[in-house]
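Read the structure below first, then the notes.
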Amino acid sequence: MSHLVKIPFRTFYVVVASFPLLAFFSCVILSILRNFDEVTATHCQVQNYLPSISTAVGDTFPQKYIWRIGIALHCTPRFLVTLMYYKHFQNSFPINSRWQTSASAILIFQNLEITSLVGLSYISSVEDFPVHQKLFVTFVISALVSMSLLYAVYAYASNNRLYGLLSNCHDNHTSPRLEMKSTRYKFILLNVNFAAFCLSVYFYVRHNWYCEPGMYTLFALAEYFVVLSNIGYHLTAVWDFPNQYIIVGAG
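Using UniProt numbering, you'd call the opening residue of the sequence shown number 1 and step up by one each time.
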């Protein structure tokens, strides 16, 4: 079979991760520069300096289209990567082991995370707040579960000094050093994501109860860290598949 296109996975996935990252920063910056009063308004009219993510990406033009395009370009390749992890774990662990079950759970929650991200991106809080809110909660919870399970698999290999357990199977050639690096960054970013989520809930509840100036700003900032740590976590895939290629071939 001849290769029409052969792209290193590392290059491919850095580009994939850049779509939501660039869309996120573009939407926040444009919202602050073009629609500051509109996107920082709160229900109790207290001082606020940053837009929430839902407001920045879903309420104003052209931000909502920038975000939707970024997510559309990002999510289709993400589905491919979930299958790569699933097949990778199938080839790494014995059949019927608990880690094979974990691989199935990771696949389910990763796909639920991506699907809910698409849903909340295309159904804005202005268009249907209850649905948008449910999709956002589903996204955050499924992301935390999938990231926790994925980290658990790599941590198991590291804690039991089974370096290479995930790298010596026939479909991958990750060095133990990269495996340890990936595990370490997964741990850091998972904890940042969880802490940011907890803080965002705290700031949001406190804002709604007490309407303190600047509290919604802290909520928005915590939300930003939820998104950025999520993107960073998924980007560790470049260390999990360092020698893989995305190939389009002609038979």
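From the three backbone atoms N, C-alpha and C, an ideal C-beta is built for every residue, glycine too.
How do the segment 89-98 and the segment 116-135 stand: do at least 3 beta-carbon pairs fall below 8 Å, yes or no? Flag = no, the segment 89-98 and the segment 116-135 do not touch.
Coarse secondary structure for His3, derived from DSSP in three states: Strand.
Would you kindly report the start and end of the unbroken alpha helix (DSSP H) that includes Ile108? Counting along the chain, the unbroken alpha helix (DSSP H) around Ile108 starts and ends at Arg98 to Tyr122.
Taking Ala105 as the reference, give the member of Ser142, Val81, Gly70 and Ile71 with the closest Cα. In this structure, Ser142 is the residue among Ser142, Val81, Gly70 and Ile71 with its C-alpha nearest to the C-alpha of Ala105.
For Pro20, does the three-state DSSP call read helix, strand or coil? DSSP places Pro20 in the helix class (H, G or I) of the three-state scheme.
N-terminal and C-terminal residue of the beta strand (DSSP E) that Tyr49 is part of: For Tyr49, no beta strand (DSSP E) encloses it, and the DSSP letter there is neither H nor E.
Going by DSSP, what residue range makes up the alpha helix (DSSP H) through Val248? Val248 -> not in any alpha helix (DSSP H); beta strand (DSSP E) instead, spanning Tyr245 to Ala250.
Measure the alpha-carbon distance for Thr11 versus Pro176 and round it to whole angstroms. C-alpha separation (whole angstroms): 21 Å.
For Pro130, which of helix, strand or coil comes out of DSSP? Reduced to three states, the DSSP call for Pro130 is helix.
Could you give the C-beta distance for Leu21 and Ile231, rounded to a whole number, given that I count them as a contact under 8 Å? Between Leu21 and Ile231 the beta-carbon gap is near 6 Å, inside 8 Å, which marks them as a contact.
contact_flag[the segment 120-129, the segment 54-61] where n(CB pairs < 8 Å) is 3 or more: With a cut-off of 8 Å on Cβ pairs, the segment 120-129 is in contact with the segment 54-61, counting three or more such pairs.
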